[in-house]
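> Here it is, the structure, as structure tokens.
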Amino acid sequence: MIAALLLRFGIPRWAAIAVLCAISAGAALAYRAHLIDTGIAIESARRDKIDTERDRQAKAELAEANARVRNAQAELDGAIATVAKLQTELTHEQANSAALQSDLAAGRRRLSVAITGSCRPAQAEQAAGAAAAGVDPGTAATADLDPAAAASLAGLTAEGDSAIVRLNACIAAYDAVKTASDAQ
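Counting along the sequence shown from 1, when you hit position 155 you're at 154 in numbering that gives the first Met the number 0, and nothing is skipped either side.
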């Protein structure tokens with residue numbers, strides 16, 4: 000029918016067939032392009048959905064990691080504060096100890112120890128190595144230590160106290176680092 004119409008207009012049959020083939024090919028190409036565009040749109044939507052889910056998951060993981068870092072930082076800050084407090088205590092105790100040692104060495108203060116019974120020069124030589132077991136502090140006599148010995152004893156106790164404070168600071172720092180490490 001289209002060929003008959005084309006013949007009325009003076010178009011040869013072969014040209015009409017060629018035109019119809021070209022129109023059919025154009026329609027097929029247009030339909031193919033439509034199918035490709037539809038497939039691309041579907042695939043694009045699917046990939047967008049996957050990307051959105053991955054972004055949501057990555058943000059959730061990042062938020063969780065940031066929370067762990069904040070907790071670890073808070074624990075480290077607490078440990079740093081504890082260490083700083085212990086360092087301040089150590090400095091204070093060292094100053095007190097140095098003042099006590101200085102006072103003892105200069106004789107401004109005295110350090111006394113309990114002795115058994117009253118000490119007479121004759122007895123002192125005999126009882127030089129005797130132990131002070133069973134001495135009642137309320138009734139026992141006391142003797143002042145030599146200032147240098149008293150200062151040395153005060154220094155020993157200060158070193159022990161200082162070592163304990165440093166050890167506590169080390170333990171606090173270790174605990175904070177371990178806790179932060181375990182959180183990660």
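Idealized CB from N, CA, C, for every residue including glycine.
Taking DSSP as the reference, what is the three-state secondary structure of residue 115?
Here the question's residue 115 lines up with position 116 in the sequence shown. If DSSP states are grouped into helix, strand and coil, residue 115 belongs with coil.
> Which same chain residues, not among the five before or five after residue 111, have their C-beta less than 8 Å away from its C-beta?
Residue mapping note: residue 111 aligns to position 112 of the sequence shown, counting from 1. If we look at residue 111 and ignore the five residues flanking it on each side, its Cβ neighbours are 141, 142, 143, 144.
> Using beta-carbon positions only, say whether residue 74 and residue 178 come within less than 8 Å of one another.
Here residue 74 refers to the residue found at position 75 of the sequence shown. Here residue 178 refers to the residue found at position 179 of the sequence shown. In contact: residue 74 and residue 178 (Cβ atoms closer than 8 Å).
> Report buried or exposed for residue 153, applying the criterion of at least 16 other Cβ atoms within 10 angstroms of its Cβ.
Along the sequence shown, read from residue 1 onward, the residue named residue 153 stands at position 154. Buried, because 16 or more other Cβ atoms sit within 10 Å of the Cβ of residue 153.
> For the region 40-95, which segments carrying the beta strand (DSSP E) assignment without a break, of at least 3 residues, lie completely within its bounds, in sequence order?
If we require 3 residues or more, the region 40-95 turns out to have no beta strand (DSSP E) run fully inside it.
> What first and last residue would you give for the beta strand (DSSP E) that runs through residue 143?
The count along the sequence shown starts at 1 and reaches residue 143 at position 144. First-last of the beta strand (DSSP E) with residue 143: 140-143.
> Between the Cα of residue 150 and those of 18, 103, 158, spot the shortest distance and give me the residue it belongs to.
Sequence index remark: in the sequence shown, residue 150 carries index 151 (1-based). For residue 150, the nearest C-alpha among the options comes from 103.
> Going by CA-CA distance only, name the one from 85, 53, 146, 88 that's closest to residue 100.
Residue 100 sits at position 101 when you count from the first residue of the sequence shown. Cα-wise, what sits closest to residue 100 is 146.
> Measuring CB atoms only, is the region 155-173 touching the region 65-83, in the sense that at least three cross pairs come out at less than 8 Å?
Yes, they touch.
> Taking residue 106 as the reference, give the member of 67, 42, 148 with the closest Cα.
Your numbering for residue 106 matches position 107 in the sequence shown. Residue 148 is the option with its Cα nearest to residue 106.
> Please report the straight-line C-alpha distance between residue 57 and residue 38, rounded to a whole angstrom.
Stepping through the sequence shown from its first residue, residue 57 is reached at position 58. Stepping through the sequence shown from its first residue, residue 38 is reached at position 39. Going by the C-alpha atoms only, they are around 28 Å apart.
> What is the rounded straight-line gap between the Cα of residue 167 and the Cα of residue 65?
Start at 1 with the first residue of the sequence shown, and residue 167 comes out as number 168. Start at 1 with the first residue of the sequence shown, and residue 65 comes out as number 66. Their backbone Cα atoms lie some 30 Å apart in a straight line.
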